[in-house]
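One structure below.
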Amino acid sequence: MTVTDPVGAWHRLADSSVLLDGFHALKHAVRFGAEIPVAVTADLEATLALADELAPDVRGMLDALLAQVPEPTYRSLVPRPHPTAVAALAVRPSRAANLEKLAHTPRTAPVVVLDNPRNLGNAGAVIRLAAGFGATGVVTTGTLDPWHPTVVRGGAGLHFATAVERLTVDELPSGPVFALDPEGDDIRGTKLPDDAVLAFGSERIGLSAALRARADHLVALPMRPHVSSYNLATSVAMTLYHWSATGGAIS
Ligand SMILES: C[S@@+](CC[C@H](N)C(=O)[O-])C[C@H]1O[C@@H](n2cnc3c(N)ncnc32)[C@H](O)[C@@H]1O
């Protein structure tokens, strides 16, 4: 339902909410059931035309949610105006809700763990990948907030399609831990089970000692000699693809 005072609601909620920046982020968040108390556009007609073209499945919901505001008002609400001139605020899922999803068994798709990631863009790309492959969730260890606005921007609103939470290594969900490391056994000889916990090291130093100690298997992505490693998000993509190509069902 469109709120009667979208600008007031925005100012009241902005600090405690997840910013959905642009049409695609809003579209994904709506599709995957995000709670969205306020959504604004500087051009309702253009936004609904975009919905007709790209997302007819959520057009009705967007029509009900979006409030038109003058262009300068829209610009004043968002840090970096998006070309689609659409933005919304969503409720961040509670830690308890995420923990419940991560702990749910039997697990039908792996959990991805990023061990102390440093790059916000990588984290966003990984969440988008996890959503695409239907992974159970993305867990980060360390100080990076996986709900940081830059991560959410990189994730294109798909944080709501998987469980995204920051945990310590000791709090990782149950399941066999497959840690990805160039020194491991060739992943092509391994079938990754649906309840796998797939762990990836940080961009600079790789896997931490704590994560290595938790690992049941160390597996490597194929690389020719003299190449040291792949990019973190690329490694997650290949690993999830391997899981799906060896029997993992995407749902
Ligand atoms: C950019 S790499 C880290 C490079 C780091 N200098 C190191 O020594 O491991 C980030 C993460 O991607 C994964 N990765 C990259 N290339 C890989 C490969 N060939 N096999 C398995 N995992 C890989 C690992 O989990 C690694 O910790």
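Every number in my numbering is 85 more than the matching position in the sequence shown, counting from 1.
Note that the Cβ used here is the ideal one computed from N, Cα and C, for glycine as well.
Along the chain, where does the beta strand (DSSP E) containing V262 start, and where does it finish? Position 177 of the sequence shown, counted from the start, is the residue given in the question as residue 262. It spans 262–271 - the beta strand (DSSP E) in which V262 sits, taken as one unbroken run.
DSSP three-state assignment for S336, whether helix, strand or coil: By 1-based counting over the sequence shown, the position of residue 336 is 251. Three-state DSSP puts S336 in coil, outside helix and strand.
Are R177 and V103 closer than 8 Å when you measure CB to CB? Taking the sequence shown and counting its residues from 1, the one referred to as residue 177 is at position 92. Taking the sequence shown and counting its residues from 1, the one referred to as residue 103 is at position 18. A contact, by the Cβ cut-off of 8 Å.
I'd like to confirm something about D266: is its beta-carbon nearer than 7 Å to some heavy atom of ligand 1, or not? Taking the sequence shown and counting its residues from 1, one reaches residue 266 at position 181. True, at least one ligand heavy atom lies under 7 Å from that Cβ.
Considering only the alpha carbon of each residue, which of F218, L229, V237, S314 lies closest to A330? Locating residue 330 in the sequence shown gives position 245, counting from the first residue. The option with the nearest alpha carbon to A330 is F218.
Can you tell which of A152, R203, L252, A334 has the C-alpha that lies nearest to the C-alpha of T126? As a working note, residue 126 is residue 41 in the sequence shown. Nearest of A152, R203, L252, A334 to T126, Cα basis: A152.
Quick check: does the Cβ of G286 come within less than 7 Å of any heavy atom belonging to ligand 1? Counted from its first residue, the sequence shown places residue 286 at position 201. At least one heavy atom of ligand 1 is nearer than 7 Å to the Cβ of G286, so yes.
Under the DSSP definition of a beta bridge, which residues are partnered with R116? Counted from its first residue, the sequence shown places residue 116 at position 31. Its beta-bridge partners do not exist; DSSP assigns none.
Nearest-angstrom beta carbon gap, V88 and P122 [assumed within contact, 8 Å]: As a first step, residue 122 must be located in the sequence shown, where it is residue number 37. As a first step, residue 88 must be located in the sequence shown, where it is residue number 3. So it is a contact: roughly 7 Å between Cβ atoms.
Measure the C-alpha to C-alpha separation of D90 and P307 and round it to an integer number of angstroms. As a first step, residue 90 is located in the sequence shown; it is residue number 5 there, counting from the start. As a first step, residue 307 is located in the sequence shown; it is residue number 222 there, counting from the start. If I take the Cα positions, the gap works out to 55 Å.
State yes or no: is the C-beta of G118 within less than 8 Å of the C-beta of R192? On the sequence shown, position 33 is the one that residue 118 refers to. On the sequence shown, position 107 is the one that residue 192 refers to. Result no, Cβ atoms of G118 and R192 do not sit closer than 8 Å.
Distance cut-off 7 Å: G291 Cβ against heavy atoms of ligand 1: Within the sequence shown, the letter at position 206 stands for residue 291. G291 Cβ: within cutoff of ligand 1.
3 or more residues per run - each beta strand (DSSP E) lying fully within the stretch 108–189: 123–126, 151–153, 171–175
Looking at G206 and ligand 1, is the gap between the Cβ and the nearest heavy atom below 7 Å? The count along the sequence shown starts at 1 and reaches residue 206 at position 121. Not so, every heavy atom of ligand 1 lies at least 7 Å from the Cβ.
Segment limits, alpha helix (DSSP H) that includes H327: One-based indexing of the sequence shown puts residue 327 at position 242. From DSSP, the alpha helix (DSSP H) with H327 extends over 317–330.
Would a C-beta distance cut-off of 8 Å place L199 and T225 closer than the cut-off? Taking the first residue of the sequence shown as 1, we reach residue 199 at position 114. Taking the first residue of the sequence shown as 1, we reach residue 225 at position 140. Yes, the pair counts as a contact, with Cβ atoms nearer than the cut-off.
Go to H311, then tell me how far its beta strand (DSSP E) extends in each direction, as first and last residue. Position 226 of the sequence shown, counted from the first residue, corresponds to residue 311. Segment: none, H311 is in no beta strand (DSSP E) and carries neither H nor E.
Runs of beta strand (DSSP E) lying entirely within the stretch 191–270, each at least 3 residues, in chain order: 196–200, 222–226, 248–251
Is there at least one non-hydrogen atom of ligand 1 closer than 7 Å to the beta-carbon of A334? The residue given as residue 334 occupies position 249 in the sequence shown. No, since every heavy atom of ligand 1 falls outside the 7 Å radius drawn around the Cβ of A334.
A175 versus V237: straight-line alpha-carbon distance, rounded: Here residue 175 corresponds to residue number 90 of the sequence shown, with the count starting at 1. Here residue 237 corresponds to residue number 152 of the sequence shown, with the count starting at 1. Rounded to whole angstroms, A175 to V237 spans 11 Å at the Cα level.
Using a Cβ distance threshold of 8 Å, determine whether the stretch 261–268 contacts the stretch 137–145, with at least three qualifying pairs required. no
Am I right that L147 and T132 are in contact with their C-beta atoms under 8 Å? What's the rounded C-beta distance? Numbered from 1 along the sequence shown, position 62 holds the residue referred to as residue 147. Numbered from 1 along the sequence shown, position 47 holds the residue referred to as residue 132. Going by Cβ atoms, the distance from L147 to T132 rounds to 7 Å, so yes, they are a contact pair.
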